[in-house]
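Residue numbers (my numbering), protein chains in the order written: chain P, 1 to 235; chain H, 1001 to 1056.
This report concerns only the one structure given below.
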Amino acid sequence: MSTVKSSSEDLTLNADGSGNDVVIQSNGTTKAIVTAEGNVGIGTTSFSYGKLEVADSGYVASAVRSTDASGAIALLAANSSSEVRMGAISNHPLSIRTNNTERMRINADGIVDVIGGTIELNGNEINGVEVTIADDAFSTITPTGRYGGYLSISAQTHGVFAQHQYSAFLFSDFGNSPSSAAVNTGVNFNTSTAGAPTGTTGTDGKVTLFLGGTSGTYYLENRIGSTHTFQITLI
Amino acid sequence: MSAQYTAQQIEGVNNAWHVFHNETGKRHIVFCNENKNTAEDAVALLTEEPTADVGV
């Protein structure tokens, strides 16, 4: 084996002269290239789409992996003419970010979370969240860019057993004169326009939804007597 | 605190926590009672919630 080595200073591989590329070959065949224009190619010497291109026939993948124990492995691949793949090869969640803030997460078990944002279907917003609320406590939820609308609140025991008595489907009207109109509410579900509660403002043994006036904020107070989970969707 | 979960307080909402399952990455939002409002309390609420149907 031959080695190019520099022990005491930087090592420069220089294709000197205008327009000259640095070409890496194996057995006389080019495997990688750094062009005079600054493009980097693996399996290709022509560039149509970016500064870094990886090309081959059939299934072509690039991976980034952490060398930590059970480290995460990221994948970006093109599979012949059938599909593009991106995500985690390893058993880890995929975090999708903008402005260096997580916006969407595909969990390792396949559940998709939209975090702090809004889902739109053809421009129609659907705001949804699942919250767990301690007894004698309340959640504070301010949907993005929305002030009221039809609201579905489904109480669940550990997210499994729906509890109609603590659930509701209603219309919420925010503004200077907030109000709500029930389509269907359970016997132990109340509504109020009194603004933010304390955790013990509503009737003991019941769930109370408080509307936050012009803020567009919902306060859901749990006074059931134990911790409960609620699926809340603004349609 | 359960080693299965990690809790992070949600900025701007005093009693709200993000609780992450360490293996699956699944995120839960938990609202604590203001008198019991630590990371340990948030995880406990999630893990100690009754799993049976309460009826009615």
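Where is the CB? At the ideal position from N, CA and C, for every residue including glycine.
- Following the DSSP letters along the chain, one finds aspartate 21/P in no alpha helix (DSSP H), marked with neither H nor E.
- The Cβ of threonine 1038/H sits no closer than 9 Å to any Cβ of chain P.
- For glutamate 1040/H, the uninterrupted alpha helix (DSSP H) run begins and ends at 1039-1048, by DSSP.
- Three or more Cβ pairs closer than 8 Å define a contact, and the region 1008-1018 of chain H meets that threshold against the region 1029-1038 of chain H.
- Near chain H, meaning a CB-to-CB distance below 8 Å, the residues of the region 126-158 of chain P are Val129, Glu130, Val131, Thr132, Ile133, Ala134, Asp135, Asp136, Ala137, Phe138, Ser139, Thr140, Thr157, His158.
- Interface residue (Cβ-Cβ distance to chain H less than 9 Å): arginine 105/P is classified as such.
- Under the three-state reduction of DSSP output, glycine 43/P falls in the coil class, being neither helix nor strand.
- At a cut-off of 9 Å between beta-carbon atoms, alanine 1007/H makes no contact with chain P.
- Just so you know, the alpha carbons of tyrosine 150/P and serine 62/P end up roughly 45 Å apart.
- Put simply, of Ile33/P, Ala108/P, Pro143/P, Thr35/P the residue whose alpha carbon is nearest the alpha carbon of phenylalanine 174/P is Pro143/P.
- Within chain H, Asn1033, Glu1034 have C-beta atoms less than 7 Å from the C-beta of glycine 199/P, given in sequence order.
- Under a criterion of Cβ atoms nearer than 8 Å, no residue of chain H is adjacent to isoleucine 24/P; the nearest Cβ is some 38 Å distant.
- The C-beta of alanine 1016/H comes closer than 9 Å to at least one C-beta of chain P.
- Beta-bridge partners of aspartate 136/P (DSSP): none assigned.
- Looking only at Val183/P, Asn184/P, Thr203/P, the smallest Cα-Cα distance to serine 192/P is reached by Thr203/P.
- Proximity of chain P to valine 1043/H at the Cβ level (cut-off 9 Å) is not reached, the minimal Cβ distance being about 11 Å.
- The alpha-carbon of threonine 1006/H is positioned some 36 Å away from that of glutamate 83/P.
- In the DSSP assignment, no residue is bridged to methionine 1/P.
- Taking the Cα positions, asparagine 222/P is about 54 Å away from serine 80/P.
- The three-state reading of DSSP puts serine 215/P in helix, counting H, G and I together.
- Segment contact: the region 168-187 of chain P against the region 105-115 of chain P, fewer than three CB-CB distances shorter than 8 Å; contact not assigned.
- Distance between aspartate 16/P and serine 66/P, taken at the CA atoms: about 35 Å.
- Phenylalanine 174/P carries a coil assignment under DSSP once its states are collapsed to helix, strand and coil.
- For the region 32-107 of chain P, the full-length beta strand (DSSP E) segments reaching 3 residues or more read 40-42, 52-54, 59-65, 73-79, 83-88, 94-98, 101-106 along the chain.
- Per DSSP, the continuous beta strand (DSSP E) segment holding arginine 1027/H begins and ends at 1027-1031.
- In the assembly as shown, tyrosine 219/P is a buried residue. Its beta-carbon has 16 or more other beta-carbons within 10 Å.
- Setting aside the 5 residues that flank it on each side, threonine 44/P is surrounded in the same chain by Glu53, Ala55, each with a C-beta closer than 7 Å to its C-beta; the list follows chain order.
- Looking only at Ala134/P, Ser90/P, Ala155/P, Ile33/P, the smallest Cα-Cα distance to leucine 13/P is reached by Ile33/P.
- Taking C-beta separations shorter than 8 Å and ignoring five residues to either side along the sequence, the partners of glutamate 1023/H in its chain run Gln1004, following chain order.
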